[in-house]
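Visitor: Attaching a single structure in structure tokens format; questions to follow.
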Amino acid sequence: MSFLKVEGLTHIFGEGTPYSKTAIKNVSFSLEKGEILGIIGHTGSGKSTLVSHLNGLMKATSGKVLIDSKDIWENPKEIKKVRSKVGLVFQYPEYQLFEETVFKDIAFGPKNIGMTDEQITGSVLNAAKLMKIKDELLEKSPFDLSGGQKRRVAIAGVMAMEPEIIVFDEPTAGLDPKGRETIFKAIYDYRKEHNATVVIVSHSMEDIAAVCDKVLVMNGGEVAHFGTTREVFSNLDDLKKMGLNVPLITNVMLELKAKYKKLDANVLTVDEAVNSLLKLLVKGGKENA
286 MSFLKVEGLT HIFGEGTPYS KTAIKNVSFS LEKGEILGII GHTGSGKSTL VSHLNGLMKA
346 TSGKVLIDSK DIWENPKEIK KVRSKVGLVF QYPEYQLFEE TVFKDIAFGP KNIGMTDEQI
406 TGSVLNAAKL MKIKDELLEK SPFDLSGGQK RRVAIAGVMA MEPEIIVFDE PTAGLDPKGR
466 ETIFKAIYDY RKEHNATVVI VSHSMEDIAA VCDKVLVMNG GEVAHFGTTR EVFSNLDDLK
526 KMGLNVPLIT NVMLELKAKY KKLDANVLTV DEAVNSLLKL LVKGGKENA
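Mind the numbering: the sequence shown is residues 286 to 574 in this note's numbering, read in order.
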């Protein structure tokens, strides 16, 4: 049974007015507990609008979001409980920091959902550890930190609420490779520790290929593709028609395959490419022996 299920989700801005616009239309997909979904698509394809429905931040014109088979809007008075189950990390979340210290900023969400002082302390320290935030930074002002540190503090604040589903909208935008690696490792570790379901919106095909189990492609507010990461990225021609692409390493391997017919170019990561090339070299050596 699916843990997170979206059924026929449609959102029309300004419905019934001359300025109405359909942002997403009849979007459906489902995820099991613990799966990581990547959502890709051009700017304006409906990605951010879609994920804003997953914790009730926006209410759809029609369709449903179900968590553990329960419609999140079944009882509107309990939508706050839904938001404690589904954490949403906006793009550039560091702009939302406001507390006096890093500890207090990370603790704000847990306190708001009613954790005890003991639970808050444990959750804050655990989230800080996941996000590689050193203990000596916890009593500093978040405004004294670097941009990458602020981003990690903001994400830790959502993780500290221990949501069963956590949604990231471009979590590594503007970060250097080391910063991106730190955040994606933390996301992966959080998923493993809590068996959480994760949704990641990203323009980076490399990031999506490296960490996601499934991929949803949005185009013009509708679902163009949904399936395993390998299945979706096998639709190279269709993705290119939408102005999207596959991971760079996949393109490189496809170029090589034009010359080396026996090369397995169905790869998504550098590690997979290295293994594929080594297998080709071994085969070549045996054939020439």
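Every residue gets a Cβ at the ideal spot worked out from N, C-alpha and C, and that includes glycine. Computed from a prediction, not measured in an experiment: that's the story for all the values here.
Pick from Gly319, Arg368, Ser313 and Ala308: whose alpha carbon is nearest that of Ser333?
Guide: Nearest option by C-alpha distance: Ala308.
Visitor: Between Ala574 and the rest of its own chain, which residues show a CB-CB distance below 6 angstroms, the 5 nearest in sequence each way excluded?
Guide: With a pLDDT of only 33 at Ala574, under 50, the local geometry of the prediction cannot be trusted, and no value is derived from it.
Visitor: In terms of residues, what are the limits of the beta strand (DSSP E) holding His510?
Guide: Per DSSP, His510 belongs to the beta strand (DSSP E) from Glu507 to Thr513.
Visitor: Determine the closest residue to Met503 out of Arg465, Leu289 and Phe314, with distance taken between C-alpha atoms.
Guide: Nearest of Arg465, Leu289 and Phe314 to Met503, Cα basis: Phe314.
Visitor: Quick one: is Asp492 buried, meaning 16 or more other Cβ sit within 10 Å of its Cβ, or exposed?
Guide: Burial call: buried.
Visitor: Starting from the C-beta of Thr467, find all residues in its chain whose C-beta is less than 6 angstroms away, skip the five residues before and the five after it, and write them out in chain order.
Guide: Closer than 6 angstroms at Cβ, skipping near neighbours: Lys417.
Visitor: Please work out which residues of its chain come closer than 7 angstroms, Cβ to Cβ, to Tyr304, disregarding the five sequence neighbours upstream and downstream, and give them in chain order.
Guide: So the list is empty, once near-sequence residues are dropped.
Visitor: In whole angstroms, give me the CA-to-CA distance for Arg368 and Gly464.
Guide: Rounded to whole angstroms, Arg368 to Gly464 spans 27 angstroms at the Cα level.
Visitor: With C-beta atoms as the reference, is Leu322 less than 9 angstroms away from Leu501?
Guide: Contact: yes.
Visitor: Decide if Asn340 is buried, meaning its Cβ has at least 16 other Cβ atoms within 10 Å, or exposed.
Guide: Buried: at least 16 other Cβ atoms inside 10 Å.
Visitor: Which stretch, first to last residue, makes up the beta strand (DSSP E) that contains His479?
Guide: Run containing His479: none in the beta strand (DSSP E); it sits in the alpha helix (DSSP H), Pro462 to His479.
Visitor: Give me the Cα-Cα distance between Val387 and Thr406, rounded to the nearest whole angstrom.
Guide: If you take the alpha carbons of Val387 and Thr406, they lie about 12 angstroms apart.
Visitor: Out of Val443, Ile364, Asp523 and Val555, state which residue places its alpha-carbon closest to the alpha-carbon of Val508.
Guide: For Val508, the nearest C-alpha among the options comes from Asp523.
Visitor: Residue range of the alpha helix (DSSP H) that Ser347 falls in?
Guide: Run containing Ser347: none in the alpha helix (DSSP H); it sits in the beta strand (DSSP E), Ser347 to Ile352.
Visitor: In angstroms with no decimal places, state the Cα-to-Cα distance between Gly433 and Tyr380.
Guide: Cα to Cα, Gly433 sits roughly 12 angstroms from Tyr380.
Visitor: I'd like to confirm the pairing. Which residues does DSSP put opposite Glu292 in its beta bridges?
Guide: In DSSP, Glu292 forms a bridge with Lys349.
Visitor: Could you tell me which of Thr482, Gly348, Lys568 and Ser519 sits nearest to Val531, measuring between CA atoms?
Guide: Selected option, being the one with the closest Cα: Ser519.
Visitor: Using DSSP bridges, identify the partner residues of Leu501.
Guide: Paired residues: Ile324 and Phe511.
Visitor: Using the Cα positions of Asn536 and Val484, report the straight-line distance between them to the nearest angstrom.
Guide: Roughly 25 angstroms between the two C-alpha positions.
Visitor: How about Lys366 and Trp358: are their beta carbons less than 9 angstroms apart?
Guide: The answer is no: Cβ separation not under 9 angstroms.
Visitor: Need the endpoints of the alpha helix (DSSP H) that Ile451 sits in, please.
Guide: First-last for Ile451: Ile450 to Asp454, but that is the beta strand (DSSP E), not the alpha helix (DSSP H).
Visitor: Tell me the DSSP secondary structure of Lys546 in three-state form.
Guide: In this structure, Lys546 counts as coil in the three-state DSSP scheme.
Visitor: Quick check on Leu533: buried or exposed, where buried means 16 or more other Cβ atoms within 10 Å of its Cβ?
Guide: When all chains shown are included, Leu533 counts as exposed.
Visitor: Is the beta carbon of His327 sitting closer than 9 angstroms to the one on His296?
Guide: Contact flag unset, no.
Visitor: In the DSSP assignment, the alpha helix (DSSP H) including Val409 goes from what residue to what residue?
Guide: Note, Val409: alpha helix (DSSP H), Asp402 to Leu415.
Visitor: To the nearest angstrom, how far is it from the Cα of Gly528 to the Cα of Ile325?
Guide: For Gly528 and Ile325, the distance between alpha carbons rounds to 11 angstroms.
Visitor: Within the continuous alpha helix (DSSP H) that includes Val367, where are the two ends?
Guide: Note, Val367: alpha helix (DSSP H), Ile364 to Lys370.
Visitor: Output yes or no for whether 9 angstroms exceeds the beta carbon distance between Pro258 and Asp402.
Guide: One cannot answer for residue 258 here, as it falls past the ends of the chain, which runs 286 to 574.
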